[in-house]
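If you read the sequence shown in the numbering used here, its first letter stands for residue 40, the second for the next number, and so on. Heads up: the structure comes next, in structure tokens.
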Amino acid sequence: MLAVTLLASVATPGMATARTLTGQDRPELQQAIQAVADSGIAGVQLRVHDKKGDWVGSAGVRTLGESAKPPTDGRFRIGSTTKPFTATVVLQLVGEGKIGLDTPVATYLPDFGFDRRITVRMVLQHTSGLFNFTGEYNADGTVVPGIPWSGKEWVDNRFHTYQPQQLVRLALSQPLRFAPGTNWSYSNTNYVVARLLIEKVTGRSYADQVQRRILRPLGLRDTVVPGTSPEIPGPHADSYYRYQDGDQWKTVDVTRQNPSWISSAGEIISTTKDINTFISALLGGKLLAPALLAEMLKPHATTDPTSDYGLGLFELRADANCSGTVLINHPGGGVQGSATAMYSTLDGSTTMEASLTYVDSVTPPGAALQQAQQNLIKLVFCGGGESTRH
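Here is the structure:
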């Protein structure tokens, strides 16, 4: 998962703005997103669907130094929340008999020299052992670097184009982190491999397949797969990055960037409405047959004691939140200066989607932000509409 770092002092956010879609007044949600903004986030968008109806709101500012609020229908880079989209396309191809879930990746991509123990399932599950092309931390705290995605080097080269084959070959130049299938480690490489699988067996681009199989059928008109385009089409809030240049610290607007560095592991641009439609359709069985959806949601232990991982989705363990509620989520969808959260109960009856824009930095998230986020999740999922797994 991309490391999302949040600076605790970016702006003095404005008061929250909110729009109720079904007429209900939800001051508690307005207050909750204001608390997130007050913790040091520049802008927040939130969408909640529960038994009370639908609600959207925003807090903070759209652009630093200005007073306009983030648009509640704003587009944003969803980062690793792209991974459930990618996994869904792969599983659809499994359902069509074009890919075998337990077939070695090398069968489909023989020119890369993959270890034949690595299966398609392991790639989607992050149990392949493949080195993360964005870099890895060793047990002793040392770093094995990958492509530049932070600091001055990334800022200076943020419009550089990477080919997906280049990212995968870089990862394969490093030894496996562990024997395939014996451990779990989140690696962006896995989901670029998934892209290459999609393109190999269909003969069409990744963007074409996401559009044809997910975006068009669900009417996700505000979701795009940008490829190498640095633009965010439509209304959006701005993202920022703070880095050291010699003896000086500089803050730059990084809203425009070439997302090919993260590719199918994190490139998609969307809205809270479209993400809500996607996760609701996915959990509602509109995108995958029941057996394949069950495979996607089958939990596998991760290195985080609070969550398991399926095939493209995290499952927050019942003992990590309230009332035995199981939450399907991808909470860490982040790229520089922008983060996305997607949460849903197992039956899709309660969902929450959020976008944060901020000044990204080497500074870790502050305690105030962590507490504000936890309070928001508890407010939405402990106040009603829970779905308990039996």
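Glycine included, C-beta positions come from ideal geometry on N, C-alpha and C.
By the Cβ neighbour-count rule, Trp-223 is buried, with 16 or more other Cβ atoms within 10 Å of its own. Here Ser-383 is buried, its C-beta having at least 16 other C-beta atoms within 10 Å. Note that the C-beta distance between Val-128 and Gln-248 is below 8 Å. Put simply, the backbone Cα of Gly-79 is about 12 Å away from that of Leu-103. By the Cβ neighbour-count rule, Lys-289 is exposed, with fewer than 16 other Cβ atoms within 10 Å of its own. Scanning the segment 207 to 262 for uninterrupted alpha helix (DSSP H) segments of 4 residues or longer gives 227 to 241 and 245 to 249, listed from N- to C-terminal end.
The residues Pro-203, Leu-206, Val-207, Ser-302, Ser-303 and Ala-304, in chain order, have a CB closer than 7 Å to that of Val-231 in the same chain once the five nearest residues on each side in sequence are set aside. Distance between Ile-186 and Glu-67, taken at the CA atoms: about 42 Å. Nearest to Trp-193 by alpha-carbon distance, out of Val-264, Ile-72 and Asp-292, is Asp-292. Distances from the CA of Leu-140 to each of Trp-94, Glu-334 and Pro-184 were compared; the closest alpha carbon is that of Glu-334. For Thr-379, the enclosing beta strand (DSSP E) has its first and last residue at 377 to 384. For Asn-177, the CB contacts under 8 Å within the same chain, skipping 5 residues up- and downstream, are Val-183 in chain order. Here the alpha carbons of Glu-392 and Ala-98 stand approximately 14 Å from one another. Thr-310 and Thr-341 have their C-alpha atoms some 28 Å from each other. Its chain contains Asp-154, Arg-156, Ile-157, Thr-158, Met-161, Thr-166, Ser-167 and Gly-168 as the residues whose beta carbon lies nearer than 8 Å to that of Pro-219, once the 5 sequence neighbours on both sides are disregarded; these appear in chain order. Straight across, the Cα-Cα distance linking Gly-372 with Phe-115 is about 11 Å. DSSP, reduced to helix, strand and coil, places Ser-303 within a helical segment of the structure shown. At the C-beta level, His-369 and Pro-110 stay beyond 8 Å of one another. Apart from sequence neighbours up to five positions away, the residues of its chain that approach Asp-277 with a beta-carbon distance below 6 Å are Thr-102, Asp-292 and Thr-294, ordered along the chain. Gln-73 and Gly-349 have their C-alpha atoms spaced approximately 33 Å apart. The Cβ atoms of Arg-86 and Val-75 lie no closer than 8 Å to each other. Looking only at Lys-337, Ala-233, Thr-221 and Ile-314, the smallest Cα-Cα distance to Ile-253 is reached by Ile-314. For Ile-157, the three-state secondary structure derived from DSSP is coil. Leaving aside the five residues that flank Gly-258 on each side, the residues in its chain whose CB is nearer than 8 Å to its CB run, in chain order, Thr-316. DSSP, read as helix, strand or coil, puts Glu-192 in helix. The three-state reading of DSSP puts Gln-70 in helix, counting H, G and I together. Secondary structure remark: continuous alpha helix (DSSP H) runs of at least 4 residues inside the segment 128 to 186, in chain order: 144 to 147 and 159 to 164.
A distance below 8 Å between beta-carbons, with the five flanking residues on each side excluded, links Ala-328 to the following residues of its chain, in chain order: Gly-134. The closest CA to that of Phe-198, considering only Phe-420, Asn-297 and Ala-233, is found on Asn-297. Sequence-distant partners of Val-419 (beyond 5 residues in either direction) whose C-beta falls short of 6 Å from its own C-beta, in its chain, are Val-87 and Met-391.
Looking only at Ser-212, Lys-191, Gly-190 and Thr-142, the smallest Cα-Cα distance to Asn-171 is reached by Ser-212.
The beta carbons of Glu-306 and Pro-256 sit about 20 Å from each other, so the pair does not count as a contact at 8 Å.
The residue among Asp-347, Ala-378, Gly-376 and Ser-377 with its C-alpha nearest the C-alpha of Ile-367 is Asp-347. For the 8 Å CB-CB criterion, Gln-84 and Gly-113 form a contact. Following the DSSP letters along the chain, one finds Lys-312 inside the alpha helix (DSSP H) bounded by residues 311 to 322.
Distance check between Asp-150 and each of Leu-236, Gln-413 and Leu-395 places Leu-236 closest, using alpha-carbon atoms only.
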